[in-house]
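Colleague: Chains as they are written, first to last, in our numbering: chain A, 1 to 311; chain B, 1001 to 1298.
Positions of the beta carbon are idealized from the N, C-alpha and C atoms, including for glycine.
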C-alpha cells in the first residue's frame, strides 16, 4: 500500500519543522550557555593574564621581601626596593575606615527607609541615594581636597588633611549608596508575617526591627557590606587625589597613605615595559585581586553557614 | 508628527555639522610634562589662530608619560621637563625611533612655602636635606617651630626626577613626602599647610593678574651657605646661572619633524613664541639653544 502522497508530504514537512525547532532550541540554549559562562571565562582570562605578567617579577624580587618589606621605591637611584606592606596596610586602613563609617549609617538609612519613613519621604530619598551613586569619583576626590581635607586638618590640628581619614570618609560616601539600596532591598524582602508576629507578641517597633527584621535580612545586609567593600577597596581616583600618597608605613588615620590602587595608577603610566618594575606593578594587582577574592569567599562561607542555621 | 520631523531634521543637521567640523587632516598629538602643559597649550592655541589648517592636541601626564608615548608612537611630540635618560634613548632606538630634542623654554624651579613661614632663604644643601627627610622641623633652618610637611610630585614627573638628581644628589626622597598629582595640587597643599614646603615650575606661581598667588611665599635659594640667594623669578639670575635650580624644557620629535610639526617648533623658537614663553612666567631660550633648534629642524 502506498501512502497518500499528500500525507507523506505533510509528515515530512512536520518533521522538517520539528528539526528546525530542535535546532533553534539548541542554538538558543548554546547562546545562553555562552552568556552564562562568559563571566567565568573573563574572570579566568583576567586571572591568567595577571598571573603570567606578575610571576616574572619574582625572578628578581623574593616573594617574602615583596609581601613583608615596607619600602617601595622602584625608581630609586640608590637601590630599587619592592616592599608592598605599607600599601597593603594603607588599603586595609582606608577600606576598613570607610566600612566603619558606611555600614552603620547605611543600615540605619536602610532601616529608616524600609520601616520608618513615610512613603512620600521614601519616594524622594531613594532616588537621591541613587543619584549619590552616580557622582564621578574625581568629583568626590576634589571634594576631599577642597572640603573634607581642610575640615579634618582644622578638627585634628594636623596642618593638612591629605590622609587616611580623608580617604575613609570619601570612600564611605561612595560605598553608601550600594550599602543602602541592597540593605533596603533585604529588609523589604523579609516576609511581612515576621514583623506582624513580633508586634502581635507585644514587641515594640524598635525590638521588631532589631531582633526580628535585621536578623532575618542579615544575609542581604552582609552582602551589602561586602559589595560596599568591593566598591571601596578598588577605588582609585578618589584616594589618589585625597590621601597624599606618601610611601611611608602609616601609623594612624592622620598619616598620609598610598593605597595599592594609587600605587599602580601613579606608576603604570610611565613604567618601561617588561622590566621588573612593570611586572611588580602587576604583582600588586594580583595581590589586590586575591584579597578581594578572599573577601568574597569569606562572605560566601558566612552566608552559607548562616542560611544552614536558619533552616 | 510635526515634532518628529523637526527632531529628525535637527539631529541630521547636527550630525552634518559635526562631520563638516571634523578635522580634514591629522592632528598633531603632543603629550608629556605637566609643568609644560599649560604653556604648550597656549602656544598651540596662538599658533593655530595664526596658521589656517593647523590642528594640535596637547595632553599632560608627566614627562615619563610623554617619552613613553613617543617611543610607543602614540604621540608626535613628547614634552619633558628633564633630559631623556640613556635607557629611554636606547629603548627608542631599539624601536626605530630617533629622538630629536628642541629646548623651547627655561624654567626656574621654585621652592615655595606657606606665607606664615618666616624662612626667607635656603641653600641647595638645605633643600636637599629637607626632601631627603633629614630636616624634620623648620627650627633647624630658621625661627619657626613647626614640623616640616613635604609636598612633591609623583615619579612619572620630570620635575620629580630633576629634583632627585640635581638637588637631592641622587638620593631617595623621604617616604613621608606627599606625592601630588601636579603643580596645581602642590600649590593647593602649600596654601593650606603652614608647615609645608613644595617645588613647582615658575609658571605656576602667578594668578591671572600676574601677581604671586596670595598665601604663597617663594624662597630665595643660594648655592653655598652664606652665599647670596636668588629668586627663580629673577630673569638675570636664572640666565647667568646664579639661581641654582634652573632647567631647560624639551620638546622631542621622532627624527626630522614633518612640515606641520616643524612649523610649530620653528615658531615657538622664534620671537613670537618666546614672547609668549616669557609672558607665561618662564624664561626665553638663549642663542645656543636657538641655534641647536634650527639645526634640528633641517
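So the candidates are 1183(B), 1042(B), 1215(B); which of them puts its Cα closest to the Cα of residue 1115(B)?
Modeller: Translated into the one-based positions of the second chain, residue 1115(B) becomes position 115. The candidate whose alpha carbon is nearest that of residue 1115(B) is 1215(B).
Colleague: Verify the CB distance criterion: does residue 1129(B) have a CB-CB separation below 9 Å to chain A?
Modeller: Taking the second chain and counting its residues from 1, one reaches residue 1129(B) at position 129. It does not: the Cβ of residue 1129(B) has no partner Cβ on chain A nearer than 9 Å.
Colleague: Residue 296(A) and residue 243(A): beta carbons closer than 9 Å?
Modeller: Position 296 of the first chain, counting from 1, holds the residue named residue 296(A). Position 243 of the first chain, counting from 1, holds the residue named residue 243(A). In this structure, residue 243(A) does not lie closer than 9 Å to residue 296(A) by Cβ.
Colleague: Whole angstroms is fine: what's the gap from residue 9(A)'s alpha carbon to residue 15(A)'s?
Modeller: Here residue 9(A) refers to the residue found at position 9 when the first chain is read from its first residue. Here residue 15(A) refers to the residue found at position 15 when the first chain is read from its first residue. For residue 9(A) and residue 15(A), the distance between alpha carbons rounds to 10 Å.
Colleague: List, in order along the chain, the chain B residues whose C-beta lies closer than 8 Å to that of residue 71(A)?
Modeller: Counted from its first residue, the first chain places residue 71(A) at position 71. Near residue 71(A) (Cβ distances below 8 Å), the residues of chain B are 1175.
Colleague: With 16 other CB atoms within 10 Å as the buried threshold, where does residue 1304(B) fall?
Modeller: Residue 1304(B) is absent from the structure shown; chain B starts at 1001 and stops at 1298.
Colleague: Let me check understanding here. Comparing Cα to Cα, which of 31(A), 49(A), 194(A), 74(A) lies closest to residue 1156(B)?
Modeller: As a position in the second chain, residue 1156(B) is number 156, starting the count at 1. Here the closest residue by C-alpha is 74(A).
Colleague: By how many angstroms is the C-alpha of residue 1190(B) removed from the C-alpha of residue 1069(B)?
Modeller: Residue 1069(B) sits at position 69 when you count from the first residue of the second chain. Residue 1190(B) sits at position 190 when you count from the first residue of the second chain. Computed Cα separation, rounded: 31 Å.
Colleague: By the three-class DSSP mapping on this structure, what secondary structure does residue 1253(B) have?
Modeller: Within the second chain, residue 1253(B) is the residue found at index 253, counting from 1. DSSP places residue 1253(B) in strand when its eight states are reduced to three.
Colleague: Assign residue 1088(B) to one of two classes, buried (16 or more other C-beta atoms within 10 Å of its C-beta) or exposed (fewer than that).
Modeller: Here the question's residue 1088(B) lines up with position 88 in the second chain. Under this definition residue 1088(B) is a buried residue.
Colleague: For the region 1226-1242 of chain B, which residues have a beta carbon sitting closer than 9 Å to at least one beta carbon of chain A?
Modeller: Hits within the stretch: zero.
Colleague: List the residues of chain B that residue 266(A) touches, going by C-beta distances under 9 Å, in chain order.
Modeller: Position 266 of the first chain holds residue 266(A). Per Cβ cutoff of 9 Å: 1154, 1155, 1156, 1179, 1181.
Colleague: Return the Cβ separation of residue 228(A) and residue 212(A) in integer angstroms, given the expectation that the two are a contact with Cβ distance under 8 Å.
Modeller: On the first chain, position 228 is the one that residue 228(A) refers to. On the first chain, position 212 is the one that residue 212(A) refers to. Residue 228(A) to residue 212(A), Cβ: 24 Å. No contact.
Colleague: Going by the CB atoms, is the gap between residue 1132(B) and residue 1181(B) shorter than 9 Å?
Modeller: In the second chain, the residue the question calls residue 1181(B) occupies position 181. In the second chain, the residue the question calls residue 1132(B) occupies position 132. Not a contact, by the Cβ cut-off of 9 Å.
Colleague: Taking C-beta pairs closer than 8 Å, name the residues in chain B that residue 118(A) reaches, listed in chain order.
Modeller: Sequence index remark: in the first chain, residue 118(A) carries index 118 (1-based). None at all; the shortest Cβ gap to chain B is about 39 Å.
Colleague: So, at 8 Å on beta carbons, what are the nonlocal neighbours of residue 1243(B) in its own chain, with the 5 sequence-adjacent residues on each side left out?
Modeller: The residue you call residue 1243(B) lines up with position 243 of the second chain. So the list reads 1108, 1221, 1230, 1231, 1232, 1234, 1237, once near-sequence residues are dropped.
Colleague: For residue 163(A), which of helix, strand or coil comes out of DSSP?
Modeller: Taking the first residue of the first chain as 1, we reach residue 163(A) at position 163. Reduced to three states, the DSSP call for residue 163(A) is coil.
Colleague: To which residues of the same chain is residue 1307(B) closer than 6 Å at the C-beta, ignoring the five residues directly before and after it?
Modeller: Here chain B covers residues 1001 to 1298 and nothing more, so residue 1307(B) does not appear.
Colleague: How big is the Cα-Cα spacing for residue 1223(B) and residue 1124(B)?
Modeller: Locating residue 1223(B) in the second chain gives position 223, where the first residue counts as 1. Locating residue 1124(B) in the second chain gives position 124, where the first residue counts as 1. For residue 1223(B) and residue 1124(B), the distance between alpha carbons rounds to 6 Å.
Colleague: Who are the near neighbours of residue 1186(B) in its chain, counting only those whose CB is closer than 6 Å to its CB and skipping five residues on each side?
Modeller: By 1-based counting over the second chain, the position of residue 1186(B) is 186. These residues qualify, in order along the chain: 1151, 1180, 1198, 1200.
Colleague: Please tell me whether residue 1147(B) has its Cβ less than 9 Å away from any Cβ of chain A.
Modeller: Numbered from its first residue, the second chain carries residue 1147(B) at position 147. Yes, residue 1147(B) counts as interfacial toward chain A.
Colleague: Taking a Cβ distance cut-off of 8 Å, strictly less, list which residues of the region 1194-1210 of chain B are near chain A, in chain order.
Modeller: Answer set for the region 1194-1210 of chain B: 1194, 1195, 1196.
Colleague: Per DSSP, residue 1179(B) forms a beta bridge with which residues?
Modeller: What you label residue 1179(B) is simply residue 179 of the second chain in a count that begins at 1. Answer by DSSP bridge pairing, in chain order: 1152(B).
Colleague: Round the Cβ separation of residue 1175(B) and residue 246(A) to the nearest angstrom and send it over; I've been treating them as touching at under 8 Å.
Modeller: For the purposes of this step, residue 1175(B) is taken as the residue at position 175 of the second chain. For the purposes of this step, residue 246(A) is taken as the residue at position 246 of the first chain. Contact holds; Cβ gap of about 7 Å.
Colleague: Residue 1117(B) by DSSP, collapsed to three states: which one?
Modeller: Residue numbering aside, residue 1117(B) sits at position 117 when the second chain is read from its first letter. In this structure, residue 1117(B) counts as coil in the three-state DSSP scheme.
Colleague: Please report the distance separating the alpha-carbon of residue 301(A) from that of residue 210(A).
Modeller: Here residue 301(A) is taken as the residue at index 301 of the first chain, counted from 1. Here residue 210(A) is taken as the residue at index 210 of the first chain, counted from 1. Computed Cα separation, rounded: 24 Å.
Colleague: Helix, strand or coil: which one does DSSP assign to residue 1302(B)?
Modeller: In the structure displayed, chain B extends from 1001 to 1298; residue 1302(B) sits before or after that span and is not available.
Colleague: Find the nearest neighbour of residue 267(A) within the set 1065(B), 1195(B), 1277(B), judged by alpha-carbon distance.
Modeller: To locate residue 267(A), count along the first chain from 1; it is residue 267. For residue 267(A), the nearest C-alpha among the options comes from 1065(B).
Colleague: Considering residue 83(A), what are the terminal residues of the beta strand (DSSP E) in which it resides?
Modeller: Here residue 83(A) corresponds to residue number 83 of the first chain, with the count starting at 1. Note, residue 83(A): premise wrong, no beta strand (DSSP E); not H, not E.
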